[in-house]
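Visitor: Numbering (our numbering), first residue to last: 229 to 763.
We put the CB at the ideal spot given by N, CA and C, even for glycine.
Quick one: structure below, then a few questions.
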């Protein structure tokens with residue numbers, strides 16, 4: 229999983245400047261070494277395929293499933309409605325429904341039977357997919373346990389080979405699974421790979437430091453330089469700074485209100501005392517004078533000035549979801565890039581603005597911008613499909629909270645609450661929150677007690693919406709970057725929540741594809757329309 233983007237983005241920077249990273253692979257013989265690794269993997273795969281035959285195994289599992297269905301019908305003879313739902317889930321291979329049904333009001337034995345048939349379906353489908361993907365030519369039919377081990381081995385070998393191919397194409401040697409290199413290619417190959425990679429890294433480091441793209445900390449750790457962090461930014465957020473109120477002081481965001489700024493328009497009006505004389509329309513004023521008295525000496529009544537658009541200063545909070553679900557499909561990696569894009573834009577074009585970054589999981593805290601590149605989501609520590617936890621913070625020390633509270637849940641209520649507190653100054657007209665999340669709140673506070681729920685319960689959503697209403701009452705606009713796909717925000721009814729959220733927030737929702745930030749679908753709840761754009 230790509231969390232730390234410092235090295236990768238630094239490499240991209242020097243590639244963009246024309247440095248041929250792949251040449252380092254050739255100079256150090258890394259390309260030949262990787263190709264030899266691929267040949268070894270290919271030989272291992274061919275040996276497995278020539279020895280075994282998988283096809284009968286999933287068919288045998290399906291026969292077992294049919295027998296188990298008959299047994300289940302007897303087990304649930306007094307609950308035909310439940311059996312009907314169960315049978316439908318089995319026929320459609322709906323694992324989500326099977327997991328949900330397993331936690332209905334069942335006995336321990338009934339739950340065990342549902343769990344068994346769910347595992348049978350998983351194994352059967354996994355082996356069917358393996359048989360379709362690979363051309364087995366052998367005669368040995370393994371038992372179910374060994375068949376699954378063989379399928380997993382083929383999957384890992386194929387994945388390693390693809391990763392090696394990608395490394396040759398991109399020059400990225402740091403997303404390879406070193407454990408698998410040692411496991412499948414041997415200790416000698418592993419050591420040789422590390423030595424050559426270190427040599428390449430030293431060469432690249434020298435170039436990066438010479439160009440000022442990376443710096444070393446006091447501890448000797450290599451990090452992106454501040455200028456590199458700004459370069460990574462994307463310039464996609466101009467649309468967000470629309471419909472803003474003019475501050476009395478000069479700011480950088482163009483608004484639809486007239487005011488006194490450098491953003492002048494072609495429209496003119498008669499000069500009034502207090503207008504900025506640098507905005508005088510000299511040709512228009514002279515023409516007025518000629519029309520009035522046929523001379524080129526204008527009076528004050530002849531003077532016209534260009535109308536200037538108002539400018540607005542803004543205090544912006546980037547509210548970054550650090551929950552465990554953000555680890556999926558590079559969401560957190562891209563979320564950090566989005567955050568750095570906003571930072572880059574504000575530093576470059578809106579220097580009078582103030583920027584605050586808040587990270588939120590089960591709780592929330594203020595983050596420092598230089599820490600963004602190496603920031604990671606909170607790790608998942610509880611693997612249970614149904615979770616209900618309660619922690620009374622008033623009865624816990626900080627050490628107890630740090631050690632006992634799982635931080636990887638999504639407390640949107642607390643994130644919004646902290647943002648609202650930091651935006652509480654009445655001197656700021658334009659208060660914005662840029663929320664980067666994947667949609668579903670799974671935690672909230674009730675007084676001093678933290679409630680954690682999975683799947684989310686109505687109170688998780690309600691408390692988030694209540695806090696959102698307080699934000700809008702304080703004049704805060706929330707624009708949301710939803711790092712998710714269709715399945716995610718439909719699951720547990722989140723789509724209706726997202727719609728309610730956007731309508732209350734009076735902002736926009738952006739749906740960036742996890743791996744393609746240059747393509748986004750903007751769901752504009754203000755104007756009830758959708759549009760696509762690239763940047």
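Would you check if the region 599-617 and the region 649-669 touch, i.e. whether three or more CB-CB distances between them fall below 8 Å?
Guide: Cβ pair count under 8 Å is below three, so no.
Visitor: Taking the straight line between their C-alpha atoms, what separation do you get for residue 731 and residue 611?
Guide: Straight-line Cα distance between these residues: approximately 34 Å.
Visitor: Closer than 8 Å by C-beta to residue 409: which residues in its own chain qualify, once you throw out the five before and the five after it? Chain order, please.
Guide: The residues are 265, 388, 417, 418 and 421.
Visitor: Run through the DSSP bridge pairs and tell me what residue 660 is partnered with.
Guide: According to DSSP, residue 660 bridges with 544 and 705.
Visitor: Look at residue 662 and residue 689 and say whether their C-beta atoms are less than 8 Å apart.
Guide: Cβ atoms of residue 662 and residue 689: not closer than 8 Å.
Visitor: Taking C-beta to C-beta, are residue 586 and residue 647 nearer than 8 Å?
Guide: Yes.
Visitor: What do you reckon, are the CB atoms on residue 348 and residue 292 nearer than 8 Å?
Guide: In this structure, residue 292 lies closer than 8 Å to residue 348 by Cβ.
Visitor: Using a Cβ-Cβ cut-off of 7 Å (strictly less than) and excluding sequence neighbours within five positions of residue 698, which residues of its own chain qualify?
Guide: Excluding positions up to five away in sequence, the list reads 648.
Visitor: Quick check on DSSP: helix, strand or coil for residue 622?
Guide: Residue state, collapsed to three classes: helix.
Visitor: Would the beta-carbon of residue 643 fall within 8 Å of that of residue 592?
Guide: Yes, they are a contact pair.
Visitor: To the nearest whole angstrom, what separates the beta carbons of residue 346 and residue 312, a pair I think is in contact under 8 Å?
Guide: With 8 Å as the limit, residue 346 and residue 312 do not qualify as a contact, their Cβ atoms being about 17 Å apart.
Visitor: Under 8 Å, with one C-beta from each stretch per pair, do the region 320-337 and the region 255-262 reach the 3-pair mark?
Guide: With a cut-off of 8 Å, the region 255-262 and the region 320-337 do not count as touching, because too few Cβ pairs lie within range.
Visitor: In angstroms, rounded to a whole number, what distance separates the CA positions of residue 395 and residue 600?
Guide: Distance between the alpha carbons of residue 395 and residue 600 is about 25 Å.
Visitor: Can you tell me which of 678, 287, 299 and 499 puts its alpha carbon nearest to the alpha carbon of residue 629?
Guide: Ranking 678, 287, 299 and 499 by Cα distance to residue 629 puts 678 first.
Visitor: In whole angstroms, what separates the C-alpha of residue 246 from that of residue 435?
Guide: Below a pLDDT of 50, predicted positions are generally treated as unreliable, and residue 246, at 48, falls in that range; no measurement from the model is reported.
Visitor: When the Cα atoms are used, what is the spatial distance from residue 390 to residue 397?
Guide: Whole-angstrom Cα-Cα distance: 11 Å.
Visitor: Between 548, 412, 703 and 616, which has its C-alpha nearest residue 596's C-alpha?
Guide: The shortest C-alpha separation from residue 596 is found at 548.
Visitor: Using the three-state DSSP reduction, which class does residue 368 fall into: helix, strand or coil?
Guide: In this structure, residue 368 counts as strand in the three-state DSSP scheme.
Visitor: Suppose you measure from the CA of residue 714 to the CA of residue 444; what does that come to, to the nearest Å?
Guide: The pLDDT assigned to residue 714 is 40, lower than 50, so where the model puts this residue is not dependable; a value taken from the coordinates is nonetheless given after this. Distance between the alpha carbons of residue 714 and residue 444 is about 42 Å.
Visitor: Cβ of residue 692 within 8 Å of Cβ of residue 635?
Guide: No, the Cβ-Cβ distance between residue 692 and residue 635 is not below 8 Å.
Visitor: Quick one: give me the first and last residue of the beta strand (DSSP E) that residue 586 is part of.
Guide: 582-588 is the span of the beta strand (DSSP E), which, as asked, contains residue 586.
Visitor: So what does DSSP say about residue 677, is it helix, strand or coil?
Guide: Three-state result, residue 677: strand.
Visitor: Name, in chain order, the residues that DSSP records as bridge partners for residue 434.
Guide: Paired residue(s): none; residue 434 is not in a bridge.
Visitor: Cα separation between residue 546 and residue 534?
Guide: If you take the alpha carbons of residue 546 and residue 534, they lie about 36 Å apart.
Visitor: Can you check whether the CB of residue 632 is closer than 8 Å to the CB of residue 704?
Guide: In this structure, residue 632 does not lie closer than 8 Å to residue 704 by Cβ.
Visitor: Does the beta-carbon distance from residue 670 to residue 684 come in below 8 Å?
Guide: The answer is yes: Cβ separation under 8 Å.
Visitor: Who are the near neighbours of residue 289 in its chain, counting only those whose CB is closer than 7 Å to its CB and skipping five residues on each side?
Guide: Closer than 7 Å at the Cβ level, and outside the excluded window around residue 289, lie 348, 351, 352 and 372.
Visitor: Just the Cα atoms here: how many angstroms apart are residue 706 and residue 544?
Guide: If you take the alpha carbons of residue 706 and residue 544, they lie about 10 Å apart.
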